[in-house]
Amino acid sequence: VIGILAGMKESSRKAIRAKGRGGGNAATENQRRKIYRLTQELGWDKPARVDGLCRKMFKVDKVEWLDYMQCSKLIEALKSMLGRQNAH
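The numbering used here applies: residue 366 is where the sequence shown begins, and numbers increase by one.
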C-alpha cells in the first residue's frame, strides 16, 4: 500500500513538472512570449525572477495570471530595465 501511494505521489509530481509554464490567459499569450524574450535578453534564466517581479508590481504570483494591462506594464518595465542594462 505504501509503495502504491509513493508511486502515485511521484507520478503526480512528474505531471506537474511536465506541465511547466503552460496555461494562462489566452488573450495574453503573445505578450507572455515577449516577456520571456525580454527576460532572456536580461539574462534571467530562472522563471522565479519574473514571477517575483509580478508579485512586487501587481501582487500576482505568476506571469500566466496577469491580465492584458498588467502584461503591458510588465513589458514596459522590462524594456526599461534592459535599456538601463545596455546603457552601462
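Glycine residues also receive a C-beta, built at the ideal position from the N, C-alpha and C atoms.
Helix, strand or coil: how does DSSP classify residue i here?
i	result
L431	coil
N395	helix
G388	coil
G372	helix
E406	helix
Tell me where the alpha helix (DSSP H) around residue i begins and ends.
i	result
V415	412-423
Could you tell me if residue i is buried or exposed, where buried requires 16 or more neighbouring beta carbons within 10 angstroms of its beta carbon?
i	result
L443	buried
L370	exposed
Q405	exposed
R397	buried
I400	buried
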